[in-house]
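S.K.:
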Amino acid sequence: MRRDIILKLTGFIILNFNCIMAQSQVVSLDKEFFEEIKSIRKVLHNSPEYSHKEENTAKLLLEYLSVTNPDYLFKDIGGHGVVAGYKGREGGPSVMFRCEMDAIKSERGFEHLCGHDGHMAILIGLSRVVSQNRDFDGTVWLLFQPAEEVGEGAALMASDLEKLGVKFDFSFALHNNPKYPLNTIVLHSGVYAAGSVGMEIRFRGAPSHAAYPEKAISPYKAITETVAYMNGLNVDKGTFSDFILGTVVNITIGEINYGVTPGEGYLRMTLRSFADNDLDKLCSMMEEFAREKGDEHNLKTEFAYFDRFPATVNDERANLLVEKAVKKHNLDIQYAKEPTRGSDDFCFFAFNSLSSFFDIGNGLDGEDIHQSGYRFSDEILETAIKIYTTMIYTVKIK
Ligand SMILES: [Zn+2]
Ligand SMILES: [Zn+2]
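When you read off a place in the sequence shown, starting at 1, and then add 5, the result is the number in our numbering.
1) Say whether the region 116–130 touches the region 374–385, bearing in mind that this needs 3 or more beta-carbon pairs closer than 8 Å, one atom from each stretch.
2) By a C-beta neighbour count over all protein chains shown, 10 Å radius and 16 as the cutoff for buried, is G114 buried or exposed?
3) I think I258 touches P212, with their Cβ atoms under 8 Å apart; what is that distance to the nearest whole Å?
4) Give a single yes or no on whether C104 has its beta carbon closer than 7 Å to a heavy atom of ligand 2.
5) What number of angstroms, rounded off, separates the C-alpha of H57 from the C-alpha of V265?
6) Which residue comes first and which comes last in the alpha helix (DSSP H) that contains N138?
7) Among G130, G83, F102 and P151, which residue has its Cα nearest to the Cα of S361?
8) Please look up how many angstroms separate the CB atoms of G366 and T189, rounded, as I've assumed it's under 8 Å.
9) Fully enclosed by the region 257–322, which alpha helix (DSSP H) runs are 4 residues long or longer?
10) Under the assumption that V135 contacts I374 (Cβ atoms under 8 Å), give the Cβ distance between them as a whole number of angstroms.
11) Per DSSP, which residues does H180 bridge with? Please list them.
12) Determine the extent of the alpha helix (DSSP H) in which K36 is found, giving its start and end residues.
13) Tell me whether E59 counts as near ligand 2, meaning its Cβ is closer than 7 Å to at least one heavy atom of that ligand.
14) In terms of alpha-carbon separation, which member of I42, E307, F351 and F248 lies closest to R313?
15) What separation, rounded to the nearest whole angstrom, lies between the Cα atoms of V240 and Y379?
16) Can you tell me whether Y263 is buried or exposed, with buried defined as 16 or more other CB within 10 angstroms of its CB?
17) Would you mind reading off the limits of the beta strand (DSSP E) that contains F115?
18) P75 to V145, Cα distance in whole Å?
19) Report the residue from I249, K43, N138 and M291 whose alpha carbon sits nearest the alpha carbon of E343.
20) With distance defined between alpha-carbon atoms, name the residue in R322, F363 and S132 nearest to L78.
21) Secondary structure at A63, three-state DSSP: helix, strand or coil?
22) Taking the alpha-carbon of Y217 as reference, which of P267, N319 and E95 has the nearest alpha-carbon?
23) Go ahead and label A27 buried or exposed: buried means 16 or more other beta carbons lie within 10 angstroms of its beta carbon, across all protein chains shown.
24) Quick check on H54: does DSSP put it in helix, strand or coil?
25) Answer with buried or exposed for K298, where buried requires no fewer than 16 other C-beta atoms within 10 angstroms of its C-beta.
26) Helix or strand or just coil, what does DSSP make of N74?
27) Do H121 and ligand 4 come close, with the Cβ less than 7 Å from some heavy atom?
28) Take the Cβ of F208 as the centre, count every other Cβ of all protein chains shown within 10 Å, and call the residue buried at 16 or more, exposed below.
29) With respect to the alpha helix (DSSP H) encompassing G158, which residues constitute its N-terminal and C-terminal limits?
30) Can you tell me which of L359, K332, S358 and A341 puts its alpha carbon nearest to the alpha carbon of V400?
31) Measure the alpha-carbon distance for S29 versus R94 and round it to whole angstroms.
32) Quick test of the definition: if touching needs 3 or more C-beta pairs under 8 Å, does the region 314–329 touch the region 273–287?
33) Under 7 Å from any heavy atom of ligand 2, does the C-beta of E153 make it?
Here it is as structure tokens:
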């Protein structure tokens, strides 16, 4: 097999393997195959690394992927991200499957308590299938995303991939979910996860001696009134098209000094909504109210925003492809009654492509993700690989 190194850009090593497309050997999804995938999951489980530090995980993934002769293999994408691309026999859509690489911090150190080891093993399993059976149209891209837990990896990857000219027509992702019975598939019509933004309001007045509070311009009234306003919006059903929620995450007024009336304060909130235009509206309503209160109390009012995530919205066509494959395996389907309130950085892939993010029940007898007693159920590996392969070869993604 001839290997052409085509490009070398700063920060990336891009390999393009001229693949022998006529390989007819097809991986059989038998017991032996899934035992191997389980053992790969264990290897990844035993190498937990925190967000942005997934160096060894990337090394392991590159070892597993390089032997599958991908047409493209990119490393160091958005940090330690790894991307493998496999061309099908005919031209067609660019189809992406995403998993996450990072572990979380626990009292015992770093641990895979979100099941990302399992999600990675699923895509390694899929790499073995698509590398050997090219009987599909278009290109299958497998994305191993770093720094998902801190919500930063996807945007970084998306920007690096744009520089490389890699685009996706379809994007798919799944997450194990311990709130549902084992192997139940949870489909989300429309919004999968809320959009959110961190809002900081700074009120600046003037301090005074604590004995003469009437001489100070203190921010505390403006802050308490703004919090009350936000709480009112939280329960006001008429103003927004769908769910919104403001949560106070931090209030800082003055300093710990018993001789001083404070002259400056910060109110920090996370605002979230299921509809992106509701989030814009919520931000501008909060700004307008805070500015008004600032003026009323002779304060200077400034705003700053952090960690903006658009809502992750599923496309009905992409959802249908998942649903068709799930039905072929006679798996139980539940349709989520409402989106996840937490935001997900998959939105940075989702909003440029037709995407579907779904959940697979991890079983009800264990603890929730991020809890110290959480365990990933290995049965999901087989279910997920079968759904994805059925989507690629039987349902056909187009
Ligand atoms: Zn997590
Ligand atoms: Zn997770």
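We put the beta carbon where it would ideally sit given N, CA and C, even for glycine.
M.R.: Judging by the given coordinates:
1) yes
2) Here G114 is exposed, its C-beta having fewer than 16 other C-beta atoms within 10 Å.
3) Actually they do not touch by this definition, with Cβ atoms about 11 Å apart.
4) no
5) Looking at the two C-alpha atoms, the distance is approximately 42 Å.
6) Element bounds for N138: n/a, residue is neither H nor E.
7) F102
8) 4 Å
9) 281–301
10) With 8 Å as the limit, V135 and I374 do not qualify as a contact, their Cβ atoms being about 28 Å apart.
11) D364
12) K36 to H50
13) no
14) F351
15) 34 Å
16) exposed
17) G114 to E116
18) 10 Å
19) I249
20) Among R322, F363 and S132, the Cα nearest to that of L78 is on S132.
21) helix
22) P267
23) Low local confidence applies: a pLDDT of 40 at A27 is under 50, so the model's placement there is unreliable, with the coordinate-based value given in what follows. Exposed, because fewer than 16 other Cβ atoms sit within 10 Å of the Cβ of A27.
24) Checking the displayed sequence, the identity of residue 54 turns out to be Glu instead of His. Correct three-state label for E54: coil.
25) buried
26) coil
27) No copy of ligand 4 occurs in the structure displayed; its ligands are ligand 1 and ligand 2 alone.
28) buried
29) G158 to L169
30) That would be K332, whose Cα lies nearest to the Cα of V400.
31) With a pLDDT of 46 at S29, under the threshold of 50, the modelled position of this residue cannot be trusted, and the question is left open.
32) The region 314–329, when compared against the region 273–287, does touch it at the 8 Å Cβ threshold.
33) yes
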